[in-house]
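Quick notes on the structure that follows.
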Amino acid sequence: MKSGRAPASLCDVNSVRMVQVGLGPHGRNWARQVLPNVREIDVVAYVDTDPYALDALQKDAGVPADRCFESLKEAIAATEPEAMLNTTALSAHVAVIRAGFEAGLHVLVEKPFAPSLAIARQLVDAAAARNLVLMVSQNYRFFPAPRAIAELVREQALGQLHQVSIDFRRFSTAGPNGRGRHHLEEQPLLVDMSIHHFDLMRLILDREPERIYCEAWNPEWTSFTGPSIALATIVFDGVVVSYRGSWVSAGPVTPWAGEWTMEFERGEIVWTSAADSDVTQDRVEIRPRNGEPRAVALPPVLRTGTSGTLTEFAHAIRSGREPETSGRNNLGTIALMEAAVESATLREPVAIYTTGRATGAAAAS
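For the sequence shown, the positions run 28 to 392 when the working numbering is used.
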């Protein structure tokens, strides 16, 4: 399969017949807010083993009952989809992806698409063996600011980049109905949230991480089961990233992509993206060592966020190319996620090995 980047413009393609699997609150949000806005996708079936979830979908999104199934096999037999959107919980990602491949379906899956690099490699190989698209919905890439920053780094607009600082701050507490899904996860920050920031690092720096030292912890007063705060130093080729993330911060809330400060030879760039409101909150400011700060004009993005990933998925299928956030590309993100958890667990630096080097993360010497 050919590799490629997101389309420069929207063009008419035959819509992709899709089945959505996994209709918890997050999956239902996809069904209500995202899928209806992407004309390249035609959702022909919805699947969840929980009848309550299907009933909630019908009430929330007005989905006809005859499009709802408790079995993927029944849905496929009745509707003949060619692709799958996997919005199940992480624990079900792998089994559902494999079931999709067995049925000959292209798969778009929520992040992280696998719990480990070893399993991720198996899924990538399985997709390649069947000539199927496996894509990960790394939706934070599909915003104007990271696109602009990646280009500025490639152009060396301020010379060579050498240091990056990232802050992510949110305050998430149990609501009136108790703790949410992410409060109960083993790694609510590093696996469920920081993976977005790890993927942005790889996009923007255009290089792979080499090693990481990470500390992660959970204050006893929080609503979380696992570590809700992490500090990490991540070494790339020629660049060191300082990362701070928190689900329980008392500081000002950041946009979802975090607040980034990037140090170059001749100045710094500060930027943020993926705010709660809309894409107009994306901002990039260049601060030259000698000169006045100036805002960067941001490029148009045809569709942002999850709508962008769906659009890229459909165009990749129809053009026979590898999507930007393919499973193969995402191996580096999974490797960094896995190494961050390992380092935080061991409280030691960990070397990171991705495609073409070795398998997994190993303690750094």
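Glycine included, every Cβ here is placed at the ideal spot set by N, Cα and C.
Simplified DSSP state of residue i, which is helix, strand or coil
{"i": "Val306", "result": "helix"}
{"i": "Ala277", "result": "coil"}
{"i": "Ser346", "result": "helix"}
{"i": "Arg181", "result": "helix"}
{"i": "Gln149", "result": "helix"}
{"i": "Ala201", "result": "coil"}
{"i": "Tyr240", "result": "strand"}
{"i": "Ala324", "result": "coil"}
{"i": "Pro52", "result": "helix"}
{"i": "Leu217", "result": "coil"}
{"i": "Phe96", "result": "strand"}
{"i": "Leu135", "result": "strand"}
{"i": "Phe170", "result": "coil"}
{"i": "Ser353", "result": "strand"}
{"i": "Leu161", "result": "strand"}
Assigned exposure category for residue i - 16 Cβ within 10 Å defines buried
{"i": "Val280", "result": "exposed"}
{"i": "Ala175", "result": "buried"}
{"i": "Val267", "result": "exposed"}
{"i": "Tyr270", "result": "buried"}
{"i": "Gly354", "result": "buried"}
{"i": "Thr200", "result": "exposed"}
{"i": "Lys138", "result": "buried"}
{"i": "Arg229", "result": "buried"}
{"i": "Tyr79", "result": "exposed"}
{"i": "Glu349", "result": "buried"}
{"i": "Gly186", "result": "exposed"}
{"i": "Arg148", "result": "buried"}
Selected residue, minimal CA-CA separation from residue i, among the options
{"i": "Met289", "options": "Pro282, Trp244 and Thr299", "result": "Thr299"}
{"i": "Val40", "options": "Asn356, Gly347, Ser192 and Leu373", "result": "Gly347"}
{"i": "Phe198", "options": "Arg59, Ala277, Glu339 and Gln308", "result": "Ala277"}
{"i": "Pro142", "options": "Ala155, Leu117 and Ala343", "result": "Leu117"}
{"i": "Thr352", "options": "Val151, Gln47 and Glu129", "result": "Val151"}
{"i": "Ala130", "options": "Ile103, Gln85, Leu144 and Val48", "result": "Ile103"}
{"i": "Glu97", "options": "Ala72, Ala153 and His120", "result": "Ala72"}
{"i": "Val6", "options": "Thr249, Asp309, Ala119 and Met220", "result": "Outside the modelled stretch of the chain, which goes from 28 to 392, sits residue 6, for which no answer is possible."}
{"i": "Leu112", "options": "Pro282, Gly186, Glu247 and Val160", "result": "Val160"}
{"i": "Thr249", "options": "Thr260, His209 and Ala156", "result": "His209"}
{"i": "Phe140", "options": "Met364, Phe291 and Asn158", "result": "Met364"}
{"i": "His342", "options": "Ala110, Leu99, Phe195 and Asp87", "result": "Ala110"}
{"i": "Gly265", "options": "Pro326, Leu84, Val191 and Val70", "result": "Val191"}
7 Å Cβ shell around residue i - same chain, five flanking residues per side excluded
{"i": "Val180", "result": "Leu188, Ile231, Leu232 and Asp233"}
{"i": "Trp244", "result": "Pro254 and Ile256"}
{"i": "Thr381", "result": "Glu235, Leu358, Gly359 and Ala362"}
Identity of the residues DSSP links to residue i by a beta bridge
{"i": "Gly272", "result": "Phe195 and Ala257"}
{"i": "Asp69", "result": "Arg44"}
{"i": "Thr299", "result": "Glu286 and Arg310"}
{"i": "Gly294", "result": "Phe291 and Pro315"}
{"i": "Leu188", "result": "Phe291"}
{"i": "Phe263", "result": "Pro236 and Val266"}
{"i": "Ala110", "result": "Met45 and His133"}
{"i": "Leu230", "result": "Its beta-bridge partners do not exist; DSSP assigns none."}
Cβ-based neighbour list, residue i, same chain, cut-off 8 Å, excluding 5 preceding and 5 following
{"i": "Val328", "result": "Phe169, Phe170, Pro171, Arg174, Val306 and Gly335"}
Own chain, CB closer than 6 Å to residue i, minus 5 neighbours either side, in chain order
{"i": "Gly337", "result": "In the sequence as displayed, the identity of residue 337 is Leu instead of Gly. Here the set comprises Val65 and Ile68."}
{"i": "Ala322", "result": "Glu312"}
{"i": "Asp75", "result": "Leu50 and Leu81"}
{"i": "Trp287", "result": "Ile193 and Trp298"}
{"i": "Thr252", "result": "Leu211"}
beta-carbon residue i near the ligand MG non-hydrogen atom, thresh 7 Å
{"i": "Pro173", "result": "The model depicted lacks the ligand MG and carries no ligand whatsoever."}
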